[in-house]
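Here the sequence shown is numbered in the working numbering, starting from 1 and rising by one per residue.
Taking it in order: structure first as structure tokens, then the write-up.
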Amino acid sequence: MNRLAVGLAPLILLVGASGARAQDPHAGHRAPAAPSRTQPAPPTPDPHAGHQTPARPTAQPPHAGHVTPPVQTPPADPHAGHRTPPQPQAADPHAGHDISTMSMGPPDVSTSADDPGRPPEAPVPAIALSGPVHAADLIFGAEAMTASRRILVAENGDVRTTAVIIDRLEAGFGDGEETWLWDARGWRGGDINRFWWKTEGEGDFGGDLEEAELQALYSRAITPFWDVQAGVRQDFRPDGEDTTHLVLGVQGLAPHWWEIDAAAFLSTEGDLTARVEAEYDQRITQRLILQPRLEVSASASDIPELEVGPGLSSVEAGLRLRYEFHREFAPYVGVEWSRSFGDTADYIEARGGEAEDTRFVVGLKAWF
Numbered sequence: 001m002n003r004l005a006v007g008l009a010p011l012i013l014l015v016g017a018s019g020a021r022a023q024d025p026h027a028g029h030r031a032p033a034a035p036s037r038t039q040p041a042p043p044t045p046d047p048h049a050g051h052q053t054p055a056r057p058t059a060q061p062p063h064a065g066h067v068t069p070p071v072q073t074p075p076a077d078p079h080a081g082h083r084t085p086p087q088p089q090a091a092d093p094h095a096g097h098d099i100s101t102m103s104m105g106p107p108d109v110s111t112s113a114d115d116p117g118r119p120p121e122a123p124v125p126a127i128a129l130s131g132p133v134h135a136a137d138l139i140f141g142a143e144a145m146t147a148s149r150r151i152l153v154a155e156n157g158d159v160r161t162t163a164v165i166i167d168r169l170e171a172g173f174g175d176g177e178e179t180w181l182w183d184a185r186g187w188r189g190g191d192i193n194r195f196w197w198k199t200e201g202e203g204d205f206g207g208d209l210e211e212a213e214l215q216a217l218y219s220r221a222i223t224p225f226w227d228v229q230a231g232v233r234q235d236f237r238p239d240g241e242d243t244t245h246l247v248l249g250v251q252g253l254a255p256h257w258w259e260i261d262a263a264a265f266l267s268t269e270g271d272l273t274a275r276v277e278a279e280y281d282q283r284i285t286q287r288l289i290l291q292p293r294l295e296v297s298a299s300a301s302d303i304p305e306l307e308v309g310p311g312l313s314s315v316e317a318g319l320r321l322r323y324e325f326h327r328e329f330a331p332y333v334g335v336e337w338s339r340s341f342g343d344t345a346d347y348i349e350a351r352g353g354e355a356e357d358t359r360f361v362v363g364l365k366a367w368f
């Protein structure tokens with residue numbers, strides 16, 4: 001029995017120790033109250049509180065114990081206090097040149113490379129002209145591309161336009177009789193070739209038509225702003241013989257935006273006459289326009305039946321102020337002065353007329 005107790009004693013001690021370790025280590029302890037949400041929790045105690053940190057050795061500077069040599073003062077400037085004389089400046093090679101007239105851009109000449117004054121251009125390489133005239137024909141076929149090129153020309157370079165312009169449809173009032181006149185023109189065609197017609201005539205309110213003319217002209221553009229015109233002119237006179245003329249003239253836009261219409265007329269009787277018309281639109285506002293107008297007539301021969309003498313026949317100068325209610329509709333008022341010269345004035349005075357006349361005019365300018 002004693003031997004059994006002695007043999008079980010270690011086992012009993014081992015079980016007792018395990019049971020003791022399995023128990024809650026905080027059993028019997030009273031947990032402290034949880035901190036309130038409104039009060040901060042107490043700080044956690046520093047685990048190193050009460051420990052004494054050993055003093056660390058102070059690092060010595062790398063140059064401790066070294067003797068710094070004395071700093072040497074630089075020698076005094078021998079020119080200190082001296083005043084340097086002003087240095088002469090080099091003369092400006094462009095001094096006295098007037099650059100206001102110098103061009104800051106390319107030469108003021110035409111943009112064509114063949115004109116003098118333009119930079120020379122290298123010739124086209126021969127290989128650039130060695131292929132077919134129309135390279136697209138090799139891909140799409142000559143027949144298809146020929147039709148496409150015709151459409152391109154028709155839609156972009158062969159546009160046909162028509163216009164009718166009534167330059168003057170007016171009545172004149174002066175010391176003599178009251179008169180009326182028309183001056184209209186129009187065209188049909190493209191940018192290069194056109195058919196032009198022009199007509200004008202005049203009369204008086206107390207009588208019949210004095211004279212009228214109608215021109216039919218072929219017009220071809222020779223520059224961007226000028227056309228050459230050629231055709232026929234037919235004159236109608238109720239009290240005289242009708243006359244037919246050949247016409248050759250130019251029409252276009254001169255410098256400073258003057259519209260010019262100049263023509264020479266050769267009649268079937270061999271009489272050579274000429275007429276030049278010039279007018280200019282000066283915009284005062286977008287709708288109010290002041291137009292000066294000048295017309296000069298001359299003859300190379302004496303034509304008694306038309307009351308026209310050789311040389312300068314007559315001059316008309318007018319000033320008209322029009323208001324464009326629309327671009328196509330603009331009434332106007334103005335004044336016009338006319339004067340006949342030489343034998344032409346003698347013919348007019350011989351039949352009781354006046355060689356010089358001033359009239360107040362009112363009329364309409366329109367186009368469609």
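For every residue, glycine included, the Cβ atom is placed at its ideal position computed from N, Cα and C.
query	result
By the three-class DSSP mapping on this structure, what secondary structure does residue 165 have?	strand
Measuring CB atoms only, is the segment 140 to 157 touching the segment 168 to 186, in the sense that at least three cross pairs come out at less than 8 Å?	no
Measuring alpha carbon to alpha carbon, tell me which residue in 335, 252, 328, 344 is nearest residue 297.	344
Per DSSP, what are the beta-bridge partners of residue 193 in this structure?	220
Hey, which unbroken runs of the beta strand (DSSP E) at 3 residues or more fall wholly within the segment 251 to 288?	258 to 267, 272 to 279
Would the beta-carbon of residue 293 fall within 8 Å of that of residue 314?	no
Identify, in the order they occur along the chain, each residue of the same chain with its Cβ nearer than 6 Å to the Cβ of residue 71, setting aside the five sequence neighbours on each side.	Residue confidence is low: residue 71 scores 49 on pLDDT, short of 50, so the model does not pin down where it sits. Its coordinate-derived value is still stated next. Excluding residues within five positions, none has a Cβ falling inside 6 Å.
Any beta carbon from chain D within less than 8 Å of residue 231's own beta carbon?	The displayed structure is made up of one protein chain only, and chain D is not part of it.
Tell me whether residue 57 sits in a helix, a strand or coil according to DSSP, three-state version.	Note that residue 57 scores a pLDDT of 45, beneath 50, so its modelled location is shaky; the value from the coordinates is reported in the next line. Residue state, collapsed to three classes: coil.
Taking the alpha-carbon of residue 287 as reference, which of 278, 279, 189, 326 has the nearest alpha-carbon?	326
Among 223, 225, 270, 252, whose alpha-carbon lies nearest the alpha-carbon of residue 245?	270
May I ask you to list the residues that DSSP assigns as paired with residue 332?	322, 363
Beta-carbon separation of residue 334 and residue 321 under 8 Å?	yes
Quickly, what does DSSP pair residue 316 with across the bridge? List them, please.	295, 338
State the start and end residues of the unbroken beta strand (DSSP E) segment that holds residue 235.	226 to 236
Tell me the DSSP bridge mates of residue 245?	233, 267
Counting along the chain, where does the alpha helix (DSSP H) carrying residue 142 start and finish?	142 to 152
So if DSSP puts residue 311 in a beta bridge, which residue, or which two residues, is it bridged to?	299
Residue 282: buried (16+ other C-beta within 10 angstroms of its C-beta) or exposed?	exposed
In the structure shown, what three-state DSSP assignment does residue 206 receive?	coil
When the Cα atoms are used, what is the spatial distance from residue 252 to residue 353?	35 Å
I'd like to know whether the C-beta atoms of residue 390 and residue 213 end up nearer to each other than 8 Å.	It is not possible to answer for residue 390, since the shown part of the chain is limited to 1 through 368.
With burial defined as no fewer than 16 other Cβ atoms inside 10 Å of the residue's Cβ, what is the status of residue 373: buried or exposed?	With the chain represented from 1 up to 368, any question about residue 373 goes unanswered, as that position is not in the structure.
Going by other Cβ atoms of all chains shown within 10 Å of its Cβ, with 16 needed for buried, is residue 261 buried or exposed?	buried
On the DSSP bridge list, what partners appear for residue 358?	337
For residue 157, which of helix, strand or coil comes out of DSSP?	helix
Considering Cα atoms alone, identify which of 178, 146, 156, 217 is closest to residue 185.	217
According to the Cβ coordinates, are residue 210 and residue 202 closer than 8 Å?	yes
My output table needs one value for residue 213: the three-state DSSP class, helix, strand or coil.	strand
Can you tell me whether residue 350 is helix, strand or coil according to DSSP?	helix
Between residue 174 and residue 359, is the Cβ-Cβ spacing less than 8 Å?	yes
Compute the distance between the beta-carbons of residue 368 and residue 328, then report whether it is under 8 Å.	yes
Near residue 237, which residues of its chain fall below 6 Å by C-beta distance, leaving aside the five closest residues on each side in sequence?	211
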